[in-house]
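Per UniProt numbering, residue 1 is the first one in the sequence shown, and the count goes up by one each step.
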Amino acid sequence: MCYFDQTRWACGYWRWGHFRQQCNKEYRMGETCGLKLVYETRTERDVCKLCHDTEKKQRRYDKMYRDVQRWQREGNRNATIERTCAEMQEVLGQIYRMREEHDHRLQSLGQEPEPEQERRTKKGWRHD
């Protein structure tokens, strides 16, 4: 039950911050017992980076949608429409995965990462 700072954004997303205080169960200097408790929560007024990135993807998707609508009215751009529709499906999948990751974090209580997330961490991706 060692204590850590916590950051919480307006959207509800959160992450663990710096180590603040060692509990009496862990006697080794610089080590933690593995159980995390919140020492202090820092509240951010803005939404998290994941929300910002999701909003960017949504704006990109919306623009592609408007472009396809315009091209269909104009006609004679079948290859461009087909390519853009394929890109739209990719972007939609990315948005879905980002929202899923966000919702998963909102529901979790700081549990250990799942094995897939652990592998990503070892590859150099950051896990907060």
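A virtual CB, placed ideally from N, CA and C, is assigned to each residue, including glycine. Model, not experiment: these values are computed from the prediction.
Approximately 7 angstroms separates the beta-carbon atoms of glutamine 21 and cysteine 2; this is inside 8 angstroms, confirming the contact.
Annotation: the continuous alpha helix (DSSP H) that includes cysteine 51 extends over 49-74.
Apart from the 5 residues on each side of it in sequence, arginine 45 sits with its Cβ closer than 7 angstroms to the Cβ of Ala10 in its chain, given in chain order.
CA-CA distance, asparagine 24 to tryptophan 16, rounds to 20 angstroms. Counting along the chain, the unbroken alpha helix (DSSP H) around glutamine 94 starts and ends at 78-107. Look at glutamine 22 here: in three-state DSSP terms it is coil, with no helix or strand label.
In the structure shown, the three-state DSSP call for arginine 45 is coil.
Looking at the DSSP output, cysteine 2 sits in a beta bridge with Lys36. For glutamine 6, the closest C-alpha among the options Tyr27, Ser108, Val38, Gly12 is that of Val38. When the five nearest sequence neighbours on each side are left out, the beta carbons in the same chain lying within less than 7 angstroms of the beta carbon of leucine 50 are those of Tyr13, Met98, Glu101, His102, in order along the chain. Here arginine 28 is not bridged, per DSSP, to any residue.
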